[in-house]
Amino acid sequence: MGFLDSIGNGIGKIKEDMANKAAMNAQRKAEAAALDAQYRAYANSKAQEIANNILQYGDDSKGGFYGGIGVDKIMSFTKEFYDKILLPASSVQKSYISMYPYLDNKKLKYFISLFPNCQAEQNLFHLIDNRKQEFLVTDQNFYFKICLDENPNYFATGYVPCANINMFYLEKCNNFYIFKCDQVDLARIDVVDNREEDFITLNNYFQCIEKQDFEITDQEVNDLIREKIGENIYSQIKKYMVYDDELMLYFAWGLDSLTAKDYIVCTTKQVIIMDRELFGATANVKQLYYEDITAMNTDQNSKSSDLTGMLLDAAITSLTNTCDLIIHFAGGMHKINTLIKPEAERVVAIYHQCRKEQKQAASQPTVIQQQPDVLDQIQKLAALKESGILSEEEFNQKKTELLSKL
6 MGFLDSIGNG IGKIKEDMAN KAAMNAQRKA EAAALDAQYR AYANSKAQEI ANNILQYGDD
66 SKGGFYGGIG VDKIMSFTKE FYDKILLPAS SVQKSYISMY PYLDNKKLKY FISLFPNCQA
126 EQNLFHLIDN RKQEFLVTDQ NFYFKICLDE NPNYFATGYV PCANINMFYL EKCNNFYIFK
186 CDQVDLARID VVDNREEDFI TLNNYFQCIE KQDFEITDQE VNDLIREKIG ENIYSQIKKY
246 MVYDDELMLY FAWGLDSLTA KDYIVCTTKQ VIIMDRELFG ATANVKQLYY EDITAMNTDQ
306 NSKSSDLTGM LLDAAITSLT NTCDLIIHFA GGMHKINTLI KPEAERVVAI YHQCRKEQKQ
366 AASQPTVIQQ QPDVLDQIQK LAALKESGIL SEEEFNQKKT ELLSKL
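Here the sequence shown is numbered in my numbering, starting from 6 and rising by one per residue.
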């Protein structure tokens with residue numbers, strides 16, 4: 006065999022190997038496509054099964070999720086619940102939960118891509134877990150995205166009208182929760198990154214709606230914040246709460262560095278700003294009582310000076326972009342630039358509410374109870390004795406009682 010023949014045979018072998026590999030790749034792709042089609046078909050059938058189970062076993066006896074209460078009432082309560090219960094001492098960026106009116110359509114892009122009509126609906130709350138399972142409740146429908154047990158890369162996705170649903174629950178089981186719709190088990194949600202407080206909070210929300218208990222007291226808010234931040238942080242704050250009836254209404258962590266963490270606390274009397282430096286040692290504490298604050302406002306900050314950068318900043322959702330909180334008082338001002346927009350706006354809202362209540366209390370006229378003159382009453386009793394209406398014994402008894410009040 007000549008040299009050229011050897012080269013020709015080598016080229017032929019290479020071509021044969023390439024053809025075999027191409028055939029194998031084509032076969033693998035065909036098998037993968039077939040398997041993908043099977044999983045997609047199974048996911049669709051699973052979604053239909055879930056929807057049918059909710060419709061069959063769900064409890065719609067009360068007229069649905071909004072029945073007897075109304076959409077507007079639940080929406081209003083949801084905003085108050087988010088502001089007072091979910092937001093304090095929580096990280097919006099890390100939280101599994103979003104609630105009205107702070108839901109961003111960017112988070113809902115999966116459901117919007119499959120169900121475009123949901124964009125026209127009013128979103129109530131959205132839950133997403135570490136496995137990218139999602140649940141969205143709107144004023145009309147409940148949307149779900151549940152990963153398959155057989156392959157968590159595929160999801161059963163569908164929806165059920167809220168009119169056919171009574172309530173949602175999160176049932177705790179060791180280190181995970183079962184998300185339930187009425188009596189139907191929907192999905193397992195694992196507890197990771199210390200986010201169990203999200204599930205506890207969401208269960209509390211469901212219970213309030215079920216019981217139609219829409220009043221959130223200052224004491225409840227104080228107790229919940231204390232539970233979230235722990236006793237060590239609470240004991241630090243308590244040192245600066247000098248009034249017996251003073252309660253925490255809000256708490257927000259600052260943006261942390263490796264060596265520093267600051268936080269802001271709103272109580273019923275004041276704003277406490279705590280700046281802790283290296284290893285958590287307290288370096289600076291500022292107390293601003295509401296009556297000493299002349300004004301408070303927010304300003305959406307931008308780290309960019311050029312137009313392009315400012316436009317990019319504007320494109321970032323307001324839920325994650327930082328916002329300046331500016332506190333004005335006699336002789337100066339204090340700026341906090343480590344809060345996100347909902348946090349800063351919550352501090353401002355609490356300040357205005359507390360100042361309003363303080364002014365109303367100060368404007369109330371002081372009612373002085375006029376006590377009848379004791380000697381005058383004794384003279385009247387003596388006249389009754391002289392006229393025979395009171396006996397000597399009765400007169401002496403009444404006189405002794407009156408004299409004891411002097």
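Ideal Cβ placement from N, Cα and C applies to all residues, glycine included.
Contact check, PHE184 vs ILE170, beta carbons under 8 Å = no
Put LEU92 into one of helix, strand or coil per three-state DSSP.
-> coil
Hey, could you find the ends of the beta strand (DSSP E) CYS328 is sitting in?
-> Where CYS328 is concerned, the enclosing beta strand (DSSP E) starts and stops at 327-334.
With a floor of 3 residues, list each beta strand (DSSP E) that falls wholly inside the stretch 62-123, ordered by position along the chain.
-> Counting only runs of at least 3 residues, the stretch 62-123 fully encloses the following beta strand (DSSP E) elements, listed from N- to C-terminal order: 102-104.
GLY235, enclosing alpha helix (DSSP H) - first and last residue | 223-243
Would the beta-carbon of SER118 fall within 8 Å of that of LYS112?
-> Going by beta carbons, SER118 and LYS112 fall outside the 8 Å limit.
Taking TYR174 as the reference, which of GLN145, ASN208 and GLU155 has the closest Cα?
-> ASN208
Contact check, VAL3 vs TYR245, beta carbons under 8 Å | In the structure as shown, the chain starts at 6 and stops at 411, and residue 3 therefore has no counterpart that could be examined.
PRO166 - partner residues in DSSP beta bridges = ASN146
Expressed to the nearest angstrom, what Euclidean distance is found between the alpha-carbon atoms of GLN217 and TYR210?
-> 10 Å
State buried or exposed for GLU296, treating a residue as buried only when at least 16 other CB atoms are found within 10 Å of its CB.
-> exposed
Nearest-angstrom Cα distance between LEU254 and ILE230?
-> 8 Å
Endpoints, the alpha helix (DSSP H) within which GLN212 is located = 201-216
Buried or exposed for HIS357, please, with buried defined as at least 16 other CB atoms from any protein chain shown within 10 angstroms of its CB.
-> exposed
To the nearest angstrom, how far is it from the Cα of LYS404 to the Cα of SER368?
-> If I take the Cα positions, the gap works out to 40 Å.
Terminal residues of the continuous alpha helix (DSSP H) containing GLN127?
-> Neither: GLN127 is in no alpha helix (DSSP H) and is coded neither H nor E.
Within 8 Å, strictly: CB atoms of TYR159 and ARG45 | yes
Is the beta carbon of GLY69 sitting closer than 8 Å to the one on CYS167?
-> yes
Could you name the residues of the same chain whose beta carbon sits closer than 8 Å to that of PHE181, not counting the 5 residues immediately before and after it, in chain order?
-> ARG193, ILE194, ASP195 and VAL196
Anticipated Cβ contact below 8 Å, ILE298 with PHE334, distance rounded | For ILE298 against PHE334, the beta-carbon gap comes to about 5 Å, under 8 Å, which counts as contact.
In whole angstroms, what is the alpha-carbon distance linking PHE86 and ILE221?
-> 8 Å
Expressed to the nearest angstrom, what Euclidean distance is found between the alpha-carbon atoms of LEU108 and ASN135?
-> 18 Å
Straight-line Cα distance separating LEU293 from GLN305 = 22 Å
How should GLN32 be labelled, buried or exposed, when 16 other C-beta atoms within 10 angstroms of its C-beta is the threshold for buried?
-> exposed
For ASN289, three-class secondary structure by DSSP | strand
If you follow the beta strand (DSSP E) that GLU296 is part of, which residue opens it and which one closes it?
-> Note, GLU296: premise wrong, no beta strand (DSSP E); not H, not E.
Quick one: is ASP203 buried, meaning 16 or more other Cβ sit within 10 Å of its Cβ, or exposed?
-> buried
From the DSSP output, which residues share a beta bridge with GLU139?
-> ILE133 and LYS150
In chain order, what residues of the same chain lie with their CB nearer than 8 Å to the CB of MET23, ignoring the 5 residues before and after it?
-> none
Starting from the C-beta of VAL276, find all residues in its chain whose C-beta is less than 6 Å away, skip the five residues before and the five after it, and write them out in chain order.
-> LEU293
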